[in-house]
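Asker: Below is a structure I'd like to ask you about.
Residue numbers (the working numbering): 2 to 123.
Below is the structure:
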């Protein structure tokens with residue numbers, strides 16, 4: 002099994018810290034970078050190839066996670082929306098390579114999403 006690369010985008014640093022803690026539980030995941038600014042994240046994604054997983058908040062200043070994903074959707078293989086409440090506009094995106102976690106997520110929920118993504122690489 003190859004290592005899967007990921008980045009985290011969330012305007013709340015505590016959410017990034019929690020996801021980073023979860024990532025350390027999985028040797029198959031390599032964190033490339035984290036961003037509190039989705040515009041900087043978009044630039045990074047556009048300049049780098051081979052990002053397997055994008056973990057992104059939905060509601061952020063400047064641009065939303067949905068707008069971020071719409072602008073870079075061909076640049077990442079999987080998107081995990083991290084949100085504090087269910088958003089109706091996420092519904093069409095929750096099939097295929099689109100996933101979600103509710104804030105605050107638990108390690109077991111993170112594991113389920115990761116295993117679902119990982120199964121596509123076997």
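Even for Gly, the Cβ is constructed at its ideal location relative to N, Cα and C.
Exposed or buried, what is residue 3 when buried is set at 16 or more other beta-carbons lying within 10 Å of its beta-carbon?
Answerer: exposed
Asker: Buried or exposed, going by whether 16 or more other CB atoms sit within 10 Å of the CB of residue 105?
Answerer: exposed
Asker: Note down the Cα distance separating residue 123 from residue 5, rounded to an integer number of angstroms.
Answerer: 12 Å
Asker: Does residue 37 come out as helix, strand or coil in the three-state DSSP assignment?
Answerer: coil
Asker: Would you call residue 43 buried or exposed, if buried means 16 or more other Cβ atoms sit within 10 Å of its Cβ?
Answerer: Residue 43 comes out buried.
Asker: Do you know how far the Cα of residue 82 is from the Cα of residue 70?
Answerer: 9 Å
Asker: How many angstroms separate the CA atom of residue 47 from the CA atom of residue 37?
Answerer: Looking at the two C-alpha atoms, the distance is approximately 17 Å.
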